[in-house]
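Data first, discussion second: the structure below is written as C-alpha cells.
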C-alpha cells in the first residue's frame, strides 16, 4: 500500500499521439509542516534569501554554480534569484520559512520542484539551499517530506534529486533521505568557474515512498515539537 491518493487521468499530446497520463502539475499553494512552511517563491522574498544564502559556505557546495557564482552584492543576487527560481508550467519554486518559536516566519532557504515530465511521470527536486544556521536540523528532511508527498500525490512515479559528485555533504544528506543512487552523469554541468562537474543522480520511486516517508517521519520525531532556531554565525 502506498497510501497515496489516486491522481486524475489527463490527456497529453505527444507529437501526433494523445496519451493518458496520471501525473499533473501540482497547485500553487503553501505546504505546511511542523517545523517549516513552503510558500510559492515571490520576488519579495529575495532580500531575505540574500541574507540567508549569500555565504561562501553555501556556494562552496555547488549552489548557483559553485564558489565563483557567489553574487557580489544584493543587486547581483536579485538578478540571479529571479532567473534561478522562475516559475512556469514545469517549475515550482518555493521559499522555505521556519514555523513556530522565536524565528517563526524567518526565511531560511529556497528549493524547487521542477522538470515535470507528465508522460513519464517524473519530476526533480533541486536548486536547494539553506541558511547554514539550520544545517543538520529538521528543515531539510521536512522540506523533502512535503515535496515528495506533493509529487507522489500529484501522480508522479519518480522524483530525482542530484548533487555535484564531489559534494560529500549534500550527497550524504540525500542518501539519508532514503534515495537510491541511479548513477553519475559525467561532465554534466558547467560550474561558474568554467570547470565541468559530474552529477550524482539519485531518485525515489513511488514503490519506495512508504518506506522513505516512514524514515523521514522517524527523523522528524527525534526533534519532538521543538521549533527550529537559527544558529547565528559568528
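Numbering (this note's numbering), first residue to last: 17 to 250. We put the CB at the ideal spot given by N, CA and C, even for glycine. Owing to the predicted nature of the structure, the values given are computational and were not obtained by experimental measurement.
Residue range of the beta strand (DSSP E) that residue 199 falls in?
The count along the chain shown starts at 1 and reaches residue 199 at position 183. Per DSSP, residue 199 belongs to the beta strand (DSSP E) from 196-206.
Pick out the complete beta strand (DSSP E) segments inside the segment 134-195, 3 residues or longer, and give them in chain order.
Within the segment 134-195, the complete beta strand (DSSP E) runs of at least 3 residues are 138-146, 174-180.
In or out: residue 104 buried (at least 16 other Cβ within 10 Å) or exposed?
Locating residue 104 in the chain shown gives position 88, where the first residue counts as 1. Answer is exposed; the Cβ neighbour count stays below 16.
Mapping the DSSP letters down to three states, classify residue 125 as helix, strand or coil.
Within the chain shown, numbered from 1, the residue matching residue 125 stands at position 109. Strand.
For the alpha helix (DSSP H) that contains residue 54, what are its first and last residues?
Taking the first residue of the chain shown as position 1, residue 54 is located at position 38. Premise fails: residue 54 lies in the beta strand (DSSP E), 52-56, not in any alpha helix (DSSP H).
Can you check the segment 66-115 for any alpha helix (DSSP H) of at least 4 residues that lies completely inside it and give the ranges in chain order?
Fully enclosed alpha helix (DSSP H) runs of 4 or longer: 72-75, 90-100.
Sequence-distant residues of its chain with Cβ nearer than 6 Å to residue 47 (five each side left out)
The count along the chain shown starts at 1 and reaches residue 47 at position 31. The residues are 54, 162.
Note down the Cα distance separating residue 204 from residue 212, rounded to an integer number of angstroms.
Position 188 of the chain shown, counting from 1, holds the residue named residue 204. Position 196 of the chain shown, counting from 1, holds the residue named residue 212. When rounded, the distance between both Cα atoms is 7 Å.
With a 10 Å radius around its C-beta and 16 neighbouring C-beta atoms as the bar for buried, classify residue 144 as buried or exposed.
As a first step, residue 144 must be located in the chain shown, where it is residue number 128. The residue is buried, with at least 16 neighbouring Cβ atoms inside 10 Å.
How do the segment 125-137 and the segment 55-72 stand: do at least 3 beta-carbon pairs fall below 8 Å, yes or no?
Counting C-beta pairs closer than 8 Å gives three or more between the segment 125-137 and the segment 55-72, which meets the contact rule.
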